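Beneath this line is the structure, given in structure tokens, with notes to follow.
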Ligand SMILES: Cc1cc2nc3c(=O)[nH]c(=O)nc-3n(C[C@H](O)[C@H](O)[C@H](O)COP(=O)(O)O)c2cc1C
């Protein structure tokens, strides 16, 4: 499976395991994915700086294939984390939630490939202008932080592919199987990034109750919480209901900020509080029904993607056959 992404990053398959705070803030998940031929991503977000360095070193030992580290740039100690990425010579940086200008030159000069996460066409073009090697474009279905304007993956990925056809584009948000990956390739993407799907794996570093909540959720069971703040998509629960009630009642933004701050992803991920925690997950939770190992999942995604592409090429052949029949009729 060769795409511009696999060629540029030396990865066997056009599959990226999304950086997810807590869920991929461990060695097991990214190592399993990278060893299976996808791109595993270590999420620095919630980690103490020195724990991050230790995990990065361990990950280098656990796989000899390319992997990436995800650094949300808004975090208080993001600068120190970026320094460690350089010192430890991680092969690929995936930066999110901040501008690319602050790191691109330095990282490229050091030979670290730079991928930037965006959620709008405008930010995609800005990141490319700043010189990043690839962009992750995340649409409204996504778990975690979807675009504030909620434009869907189908529309946003297509818009960016048309606006920047030369860019290496990784599509994210709502993709849970190989058919979804094939659909993104059809839109013009070079790879797909899957978050919620890899959250429901044995290696994901979150509480089992959280994983079970993902498995139990239907496609319409997520809630968008925090409009006007920093919106997150999560599985609806007692916390999201309380927050959305206050929003519907017209509560002042400061009141809503207070309710928003009373919950956290950590509460769900570490303590398994599925009623009061922020159970970040995307709409694709409703497409997920099992808890495989991450390597087996990656292999399955490749098989499914191949089947989906073969199905499309059958349409193509059938279409050509139909065309010939029509031509015979005409002439
Ligand atoms: C539990 C969870 C935690 C996340 N944490 C981060 C993070 O630390 N950094 C980041 O850039 N994106 C984070 N995201 C977003 C993912 O990287 C990815 O863009 C998103 O999950 C893709 O949509 P999907 O869940 O529909 O596959 C998180 C998503 C989830 C579900």
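In our numbering, the protein residues as written are 2 to 332.
Ideal placement from N, C-alpha and C gives every residue a C-beta, glycine not left out.
What you are looking at is a predicted structure, and each value in this text was computed from that prediction instead of being measured.
Opposite residue 234 in the DSSP bridges: which residues? Within the chain shown, the letter at position 233 stands for residue 234. DSSP lists 145 and 225 as the bridge partner or partners of residue 234.
Please state the DSSP three-state secondary structure of residue 281. Numbered from its first residue, the chain shown carries residue 281 at position 280. The DSSP-derived three-state label of residue 281 is strand.
Inter-residue spacing [alpha-carbon to alpha-carbon] between residue 303 and residue 182: Here residue 303 corresponds to residue number 302 of the chain shown, with the count starting at 1. Here residue 182 corresponds to residue number 181 of the chain shown, with the count starting at 1. Using only the alpha carbons, I get a separation of about 9 angstroms.
Given 7 angstroms as the limit, tell me if residue 197 has its C-beta closer than that to any heavy atom belonging to ligand 1. Residue 197 sits at position 196 when you count from the first residue of the chain shown. True, at least one ligand heavy atom lies under 7 angstroms from that Cβ.
Quick check on the DSSP output: the beta strand (DSSP E) that includes residue 44 runs from which residue to which? Start at 1 with the first residue of the chain shown, and residue 44 comes out as number 43. Unbroken beta strand (DSSP E) run through residue 44: 41-44.
Beta-carbon within less than 7 angstroms of residue 238's beta-carbon, same chain only, minus the 5 sequence neighbours each way: which residues are those? If you number the chain shown from 1, residue 238 lands on position 237. Closer than 7 angstroms at the Cβ level, and outside the excluded window around residue 238, lie 275, 276 and 280.
Using alpha carbons as the reference points, say which of 28, 257 and 234 lies closest to residue 243. Taking the first residue of the chain shown as 1, we reach residue 243 at position 242. When each option's Cα is compared against that of residue 243, the closest is 257.
Keeping to the same chain, check which residues put their C-beta closer than 7 angstroms to that of residue 153; ignore five residues upstream and five downstream. Taking the first residue of the chain shown as 1, we reach residue 153 at position 152. Shown here for residue 153: same chain residues with a beta carbon closer than 7 angstroms to its own, the five before and five after excluded, namely 140, 141 and 142 in chain order.
If we ignore side chains and look at the alpha-carbon of each, how far apart do residue 221 and residue 30 end up? Position 220 of the chain shown holds residue 221. Position 29 of the chain shown holds residue 30. In this structure, the straight-line span from the alpha carbon of residue 221 to that of residue 30 is close to 27 angstroms.
Within its chain, find whatever has a CB closer than 7 angstroms to the CB of residue 132; leave out the 5 residues flanking it on each side and keep chain order. Translated into positions along the chain shown, residue 132 becomes position 131. Sequence-distant partners of residue 132 (beyond 5 residues in either direction) whose C-beta falls short of 7 angstroms from its own C-beta, in its chain, are 105 and 109.
Alpha carbon to alpha carbon, what distance is there between residue 320 and residue 79? Here the question's residue 79 lines up with position 78 in the chain shown. Here the question's residue 320 lines up with position 319 in the chain shown. Taking C-alpha positions only, residue 79 is separated from residue 320 by approximately 52 angstroms.
Would you kindly work out how many angstroms separate the C-alpha atoms of residue 52 and residue 175, rounded to a whole number? Here the question's residue 52 lines up with position 51 in the chain shown. Here the question's residue 175 lines up with position 174 in the chain shown. Each residue's CA atom was taken as its position, placing residue 52 and residue 175 some 31 angstroms apart.
Opposing strand residues paired with residue 162 [DSSP bridges]: Looking up residue 162 in the chain shown gives position 161. Among the bridge pairs identified by DSSP, residue 162 is matched with none.
So is residue 54 buried or exposed if we call it buried at 16+ other beta carbons inside 10 Å? Locating residue 54 in the chain shown gives position 53, where the first residue counts as 1. Burial call: buried.
Cβ shell of residue 123 (< 7 angstroms), same chain only, five flanking positions each side left out: Working through the chain shown from its first residue, we reach residue 123 at position 122. Closer than 7 angstroms at the Cβ level, and outside the excluded window around residue 123, lies no residue.
Would the beta-carbon of residue 38 fall within 8 angstroms of that of residue 19? Mapped onto the chain shown, residue 38 falls at position 37. Mapped onto the chain shown, residue 19 falls at position 18. Contact flag unset, no.
Determine the DSSP secondary structure at residue 18, reduced to helix, strand or coil. Numbered from 1 along the chain shown, position 17 holds the residue referred to as residue 18. Residue 18: strand per DSSP, three-state reduction.
Note down, in chain order, each residue of its chain lying with its Cβ closer than 8 angstroms to the Cβ of residue 332, except the 5 sequence neighbours on either side. Here residue 332 refers to the residue found at position 331 when the chain shown is read from its first residue. With a pLDDT of only 49 at residue 332, under 50, the local geometry of the prediction cannot be trusted, and no value is derived from it.
Hey, residue 99 and residue 234 are a contact pair by Cβ (cut 8 angstroms); roughly how many whole angstroms apart? To locate residue 99, count along the chain shown from 1; it is residue 98. To locate residue 234, count along the chain shown from 1; it is residue 233. At roughly 20 angstroms, the Cβ-Cβ gap does not stay under 8 angstroms, so residue 99 and residue 234 are not in contact.
On the premise that residue 95 lies in contact with residue 120, defined as a C-beta separation below 8 angstroms, what is that separation, rounded to the nearest angstrom? Here residue 120 is taken as the residue at index 119 of the chain shown, counted from 1. Here residue 95 is taken as the residue at index 94 of the chain shown, counted from 1. The pair is not a contact, with the Cβ atoms about 14 angstroms apart (cut-off 8 angstroms).
Within the continuous beta strand (DSSP E) that includes residue 288, where are the two ends? Residue 288 sits at position 287 when you count from the first residue of the chain shown. That residue, residue 288, is in no beta strand (DSSP E); it is neither H nor E in DSSP.
Just checking residue 174 against ligand 1 - is the residue's beta carbon closer than 7 angstroms to any of the ligand's heavy atoms? For the purposes of this step, residue 174 is identified with residue 173 of the chain shown, where counting begins at 1. Flag set: Cβ of residue 174 near ligand 1.
Cβ neighbour criterion (16 or more within 10 Å) applied to residue 289: Taking the chain shown and counting its residues from 1, one reaches residue 289 at position 288. Buried.
Does DSSP put residue 252 in a helix, in a strand, or in coil? Here residue 252 is taken as the residue at index 251 of the chain shown, counted from 1. In this structure, residue 252 counts as coil in the three-state DSSP scheme.
Using three-state DSSP, classify residue 332 as helix, strand or coil. Mapped onto the chain shown, residue 332 falls at position 331. At residue 332 the pLDDT is 49, less than 50, meaning the model places this residue with poor confidence; the figure from the coordinates comes in the next sentence. If DSSP states are grouped into helix, strand and coil, residue 332 belongs with coil.
Uninterrupted alpha helix (DSSP H) stretches inside the stretch 174-227 (no shorter than 4 residues): Note on the stretch 174-227: whole alpha helix (DSSP H) runs with a minimum of 4 residues are 179-188, 197-200 and 209-217, in chain order.
Can you look up residue 36 in the DSSP assignment and give me helix, strand or coil? Working through the chain shown from its first residue, we reach residue 36 at position 35. In the displayed model, residue 36 falls within a helix according to three-state DSSP.
Hey, would you say the C-beta of residue 73 is under 7 angstroms away from at least one heavy atom of ligand 1? Sequence index remark: in the chain shown, residue 73 carries index 72 (1-based). At least one heavy atom of ligand 1 lies less than 7 angstroms from the C-beta of residue 73.
Would you say the stretch 193-209 touches the stretch 290-299, given that touching needs at least three Cβ pairs under 8 angstroms? The answer is yes - the stretch 290-299 touches the stretch 193-209, with three or more Cβ pairs under 8 angstroms.
From the DSSP output, in three-state form, read off residue 7 for me. On the chain shown, residue 7 is found 6 positions in, with the first residue counted as 1. For residue 7, the secondary structure class from DSSP, reduced to helix, strand or coil, is helix.
Spatial neighbours of residue 67 in its chain, beta-carbon cut-off 7 angstroms, leaving aside the 5 residues before and after: Locating residue 67 in the chain shown gives position 66, where the first residue counts as 1. Around residue 67: 10, 11, 12, 35, 40, 92 and 93.
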